[in-house]
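Chains as they are written, first to last, in the working numbering: chain A, 42 to 505; chain B, 26 to 552.
Ideal Cβ positions, reconstructed from N, Cα and C, are used throughout, including at glycine.
Accompanying notes for the structure given below.
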Amino acid sequence: MTRKKIVHPYIPNSSPEVKARMLQEVGAANVDEFYADVPSALRIQGQMNLPAPFLSEAALRRHVEGLLRKNTPAQPNRNFLGAGCYQHHVPAICDEINQRGEFLTAYAGEPYDDHGRFQTLFEYCSMMGELLEMDVVNVPNYDGFQAAATALRMACRITGRARVLIPDIISQDKQSRLRDYLKPEIEIIVVKHDPSTGGMDLKQLESLLSSTVAAVYFENPSYLGSLEVSGTEITGMAHKVGALGVVSVDPISLGILAPPARYGADIVCGDIQSLGMHMQFGGGQAGFIASHDDEKIVMQYPSRLFGIAPTRLPGEYGFGDVAYDRTSFAKREEGIEWVGTAAALWGITAGVYLALMGPQGMKEIGEGILYRTRYARQEIGRIKGVSTKLFSAPHFREFVVDFNKTGMKVAEINKALLSKGIFGGKDLSQEFPWLGESALVCVTEVHTQADIDLLASTLQEVVS
Amino acid sequence: MKDIRVERFTNGKPNLRRFHQASWDEPVIFELGQPGQRGILVPEVEEGIRTRVGDALADLPEGLRRKDPPKLPEMAQPAVLRHYDHLSQENLGVDFNIDVGQGTCTMKYSPKVNDQLARMPEMTELHPLQDESTVQGILEIMYRFEQILKEISGMDRFTLQPGAGSAAIYTNASIIRAYHDSCRKGDQRDEVITTIFSHPSDAACAKVAGYKVITLYPDADGYPDLEALKAAVSERTAGLLITNPEDTGIFNPRIAEFTQIVHAAGGLCSYDQANANGLLGITRAREAGFDLCHFNLHKTFSTPHGCGGPAVGATGVTRELVRFLPVPLVEYDGKKYSLNYDLPESIGKIRPFYGVAPVILKAYAWVMALGAEGLREVAEVAVLNNNYLMKKVLSIRGVSAPYAAGRRRVEQVRYSWQKLYEETGIHSDEIGVRSADYGVHFWTSHHPYVVPEPCTLEPTESYSIEELDEYAAILEQVAGEAYSDPDLVRSAPHNSTIHKIDHRPFDDPQQWAITWRAYLRKTGESR
């Protein structure tokens, strides 16, 4: 059987005539000549064993759409999952901008060819700076896990110490990431929480602090949604022994909540997925790190930092890399950690989001989430055998629902909810065995009173 | 006036466009808008909720309440759109230019159909913790794509979790560390070997993982130095992190000897295949003796670069190392797909959840449009394009391709403008700035500049012969200007969005301004 030669639409020079012309031009008999340095023992014999392709675009689309249709997208009004990935409303303009080929298909051009990328990312960092009340924000790194891990390494380099304190209420996945990334030289010590508030146990913290500690890290809100109300005390205690306060926040809360700089944070970090990124099965994460404009701290960032500068034309703005010689691009292993491709497009998108929201939008969304969280806690807490009062502190967006007294497992409850089209909260029974059968429920600005009431009434049916 | 068609691609002559980059004199966003303007409205809290809850802010301690509203812009929606549209026009994506000048970056065509598929709600609106029964489609795509990568590399299992190439290199270093720890040799094996023409992250990530880095330089012919490797290995060797072909475009024919030598010393070998574009269907990590490898899906596998991510660095390992992979792995029992966390020796999590799923989806769709024959066609045309462009470029005055004289290159070439610099005083980076005046990218190279006055060109499979001719003609034009009118090149850009930047503030802590608020503070300007 003779097979028809395919001219691939993605490969302009795949027509036999053009190839022949090019081979002739370079004086090669065939393409094998270009692989003369690849020993024959290393050459693949014959063809790779891959699935047959869908050569036409129509067939390809049909195939991939067929696979995707096996998924059930989360309906905003029926989804109560959070735990690090959030279904906020994504403004249409966010998608409009990040789908533009000029941004979507660009990479690492210089300030004269890719001025737009430099300015949009500078503006993203600047808007984050306003939200955080800090003068230095990095070009995004991979995600909130990496941001926390790097922030702690920064704190160790700045203080010359190798021990960090973290709360016990933290995503176990994030803790796993920290343990891997801080190896081998940095020791992680876990501080217990105060069982009444959910915040850090200040007594234990006091006993663990010494002049060997580089940083005290905490999150606001915590992984379980409770707010840390003792931020000022914690950073104060850290500073007293010469350690830094490192705080992770979700910037979507900062229109209403105080930025950590106000309670003494030296380095702030987190994930920006909430700011205009679709959930994408966890593909919308991007990390930020911020600090005050202290040279000692700035020189410890591994990330790109974009700065603004004058050009030859008075009043015109140019952009470029600040302190580039810090980076591994400039100095390989002598640079700070490493820098590379991460999540720049999500930084551009988050900038668009903040520009759309403005101060009023950020205030309203923060306030709205506080109201809905409180409402959902209250209504679900009314169900017999169900408690939402694990911690007394106010909560933002998420809270623990304790099902232990219902005699049911979260897995069973969530299965029953799913049969009614509702995605119940994250099952915490594996992650925090001390909570028994508990779930982490999440509400955002997309949930209406009716949505929350439906969750409460369905839970009521399921557990009774 | 001159008829501009004389510069167009007619009669077999390449274009020399009268390009000018968009230049909107676009203000910084804080200079736009008016107090009280709104870009989007947020769903209101219903009265029913307010009544039932009372004052939700009442129990917020004073210190946790924001005092002053953030000084964000206040802009109407169309104004935000136009601002970002203006800035987008001041940016050059692959969609707009002959992007062969960012060598090592594999700036190939990202098919639009794949972007459209990734925008379906069945992709965008998936929460990673949804019940597995509701995400069978995306798990199937991840599983299928892993099978594809196994065949392309010869490795036994992959994780798709790392968020880009450097994250994958770090993952590899972490797996190497876990392996030696499991053999109780972790303390003794504290050195990693790499080469100067491997990506800077091969050195930098190994250092973060706790290793001392030994960097090999090329031998006289430009090949990684086998004798230097023999001298470097010892009982302290944990691993080799190496790329091939190197950034010079030269394939190391003794690569199997390299891996044998490191194995004999007890180390593991990790293949940086960030850019495997010239080798698809030609040669694999497995046969060269590697224990680990990684592919950048945003390079070889066509997913758009997004100005620098989101991305995926897919990491593959041999059977012996599967137990150390990050969790979870995607499994298939013949009926359903599931996430497997049961890997007690796993290095843990590399990122939240499972990887950048839309990027995996796009890479999968790209492979499925091409198949085995198509992937090999990608490699062969990329290599043909590269050798064709090399022939054209080497005919330009002042440029050379150091090392391996007379030998072919794989998918890219590291050139040197040293001769042109000596004869005109024009540096490689100045050629880059002037090239931008003609509407294309041009990148020097990673530091250090072992090749003097370097530039790296990588034509991939995505550009036509006419476009390659056009790119070469632009370089020829700029090189000609360097000889005839060096000040024209030195004073570039002339057709850019902006004029020449004063770089001094970027390295001066008193002047650098990483945010607008810092700029206002340091320049004394007010809002």
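Is it the case that the region 384 to 396 of chain A contacts the region 191 to 203 of chain A, given that we only count it when at least three CB pairs across the two stretches are under 8 Å?
Between the region 191 to 203 of chain A and the region 384 to 396 of chain A there are fewer than three inter-stretch CB-CB distances shorter than 8 Å, so the stretches are not counted as touching.
Can you give me, in chain order, the residues of the region 86 to 106 of chain B that have a beta carbon less than 8 Å from any beta carbon in chain A?
Under the 8 Å Cβ criterion, the region 86 to 106 of chain B contributes Pro86, Gly88, Leu89, Arg90, Arg91, Lys92, Pro94, Pro95, Lys96, Leu97, Pro98, Glu99, Met100, Gln102, Val105, Leu106.
Less than 9 Å between the C-beta atoms of Val217/B and Lys237/B, yes or no?
Contact flag set, yes.
Does Asp291/A come within less than 9 Å of chain B when only Cβ atoms are used?
Taking a beta-carbon distance threshold of 9 Å, Asp291/A does not count as an interface residue toward chain B.
Taking only runs of the alpha helix (DSSP H) that begin and end inside the region 335 to 411 of chain B, which ones reach a length of at least 4 residues, in chain order?
The region 335 to 411 of chain B contains no whole alpha helix (DSSP H) run of 4 or more residues.
Looking only at its chain, what residues have a beta carbon closer than 7 Å to the beta carbon of Thr43/A, apart from the 5 residues adjacent to it on each side?
Confidence at Thr43/A is low in this model, with a pLDDT of 46, below 50, so its placement is unreliable and the value that follows should be read with caution. Answer for Thr43/A: no residue qualifies.
Can you check the region 224 to 260 of chain B for any alpha helix (DSSP H) of at least 4 residues that lies completely inside it and give the ranges in chain order?
Every alpha helix (DSSP H) of 4 residues or more that sits fully in the region 224 to 260 of chain B is shown, in chain order, as 225 to 233, 251 to 257.
What whole-angstrom Cβ distance do Phe222/B and Glu271/B have, given they're in contact under 8 Å?
That pair is a contact at about 4 Å.
Taking the straight line between their C-alpha atoms, what separation do you get for Arg348/B and Phe360/A?
Whole-angstrom Cα-Cα distance: 46 Å.
Between which two residues does the alpha helix (DSSP H) holding Glu72/B run?
First-last of the alpha helix (DSSP H) with Glu72/B: 72 to 78.
With burial defined as no fewer than 16 other Cβ atoms inside 10 Å of the residue's Cβ, what is the status of Ile138/A: buried or exposed?
With 16 or more other Cβ atoms within 10 Å, it is buried.
So what does Thr238/A bridge to, in DSSP terms?
Beta-bridge pairing links Thr238/A to no other residue.
Out of Gly422/A, Arg413/A, Leu395/A, point me to the one whose CA is closest to His488/A's CA.
Of the candidates Gly422/A, Arg413/A, Leu395/A, the residue whose Cα lies closest to the Cα of His488/A is Arg413/A.
When the Cβ atoms of the region 142 to 157 of chain A are set against those of the region 111 to 126 of chain B, are three or more pairs found closer than 8 Å?
Contact check between the region 142 to 157 of chain A and the region 111 to 126 of chain B: three or more CB pairs, one atom from each, fall below 8 Å, which counts as touching.
Which residues of chain B have a Cβ atom closer than 9 Å to the Cβ of Gln341/A, listed in chain order?
Against chain B, a Cβ distance below 9 Å from Gln341/A picks out nothing, because the smallest value is about 13 Å.
For the pair the region 212 to 223 of chain A and the region 353 to 373 of chain A, tell me if three or more CB-CB distances fall below 8 Å.
Counting Cβ pairs under 8 Å, fewer than three are found: no touch.
Can you find a CB in chain A that lies within less than 9 Å of the CB of Ser551/B?
No, Ser551/B lies away from the interface with chain A (no Cβ there is under 9 Å from its Cβ).
For Ala256/B, does the count of other Cβ atoms within 10 angstroms reach 16, so buried, or fall short, so exposed?
The residue in question, Ala256/B, is exposed, as its Cβ has fewer than 16 Cβ neighbours within 10 Å.
Proximity of Phe40/A and Ile454/A at Cβ, strictly below 9 Å
An answer regarding residue 40/A cannot be provided, because it is not within the stretch 42 to 505 covered by chain A.
So, with DSSP's three-state summary, where would you put Asp492/A?
Correct three-state label for Asp492/A: helix.
Given 8 Å, three or more beta-carbon pairs between the region 186 to 203 of chain B and the region 331 to 340 of chain B:
Enough Cβ pairs lie closer than 8 Å, so yes.
State the DSSP-derived secondary structure class of Asp443/A, mapped to helix, strand or coil.
Note: Asp443/A maps to strand in three-state DSSP.
Hey, how far is the Cα of Arg90/B from the Cα of Pro435/A?
Going by C-alpha positions, Arg90/B is about 12 Å away from Pro435/A.
Once DSSP output is grouped into helix, strand and coil, what is the label at Thr17/B?
Given that chain B is displayed from residue 26 to residue 552, the structure contains no residue 17/B and the question cannot be resolved.
If you follow the alpha helix (DSSP H) that His319/B is in, where does it begin and where does it stop?
Not the alpha helix (DSSP H): His319/B falls in the beta strand (DSSP E), residues 317 to 321.
Measuring alpha carbon to alpha carbon, tell me which residue in Lys27/B, Ala83/B, Glu69/B, Ala101/B is nearest Gly58/B.
Nearest option by C-alpha distance: Ala101/B.
Rounded distance between the beta-carbons of Pro479/B and Ser420/B, thought under 8 Å
Not really, about 19 Å apart at Cβ, beyond 8 Å.
Pick helix, strand or coil for Ile211/A, following the three-state DSSP scheme.
Three-state result, Ile211/A: coil.
Under 9 Å between the Cβ atoms of Thr469/B and Lys324/B?
Taking C-beta atoms as the reference points, Thr469/B and Lys324/B fail to come closer than 9 Å.
Going by CA-CA distance only, name the one from Ala452/A, Phe437/A, Ser167/A that's closest to Val484/A.
Of all alpha-carbon atoms in Ala452/A, Phe437/A, Ser167/A, the one lying nearest the alpha-carbon of Val484/A is that of Phe437/A.
Interface residues of chain A facing Asp532/B [CB-CB closer than 7 Å]
Under the 7 Å cutoff, chain A gives Ala364.
Please determine, among Ile52/A, Ile349/A, Pro301/A, Met318/A, the residue with the shortest C-alpha to C-alpha distance to Ile330/A.
The shortest C-alpha separation from Ile330/A is found at Pro301/A.
Chain B within 9 Å of Thr43/A, Cβ atoms only
Confidence at Thr43/A is low in this model, with a pLDDT of 46, below 50, so its placement is unreliable and the value that follows should be read with caution. Chain B, which has no Cβ nearer than 9 Å to the Cβ of Thr43/A, makes this no.
Can you name the residues of chain B whose CB is closer than 9 Å to the CB of Met320/A?
Neighbours of Met320/A in chain B, taken as residues at a C-beta separation under 9 Å, are given in chain order as Thr149, Glu150, Leu151, His152, Pro153.
Could you tell me if Tyr366/B is buried or exposed, where buried requires 16 or more neighbouring beta carbons within 10 angstroms of its beta carbon?
Under the 10 Å beta carbon count, Tyr366/B is surrounded by fewer than 16 other beta carbons and is classified as exposed.
In whole angstroms, what is the alpha-carbon distance linking Glu147/B and Thr284/B?
Straight-line Cα distance between these residues: approximately 43 Å.
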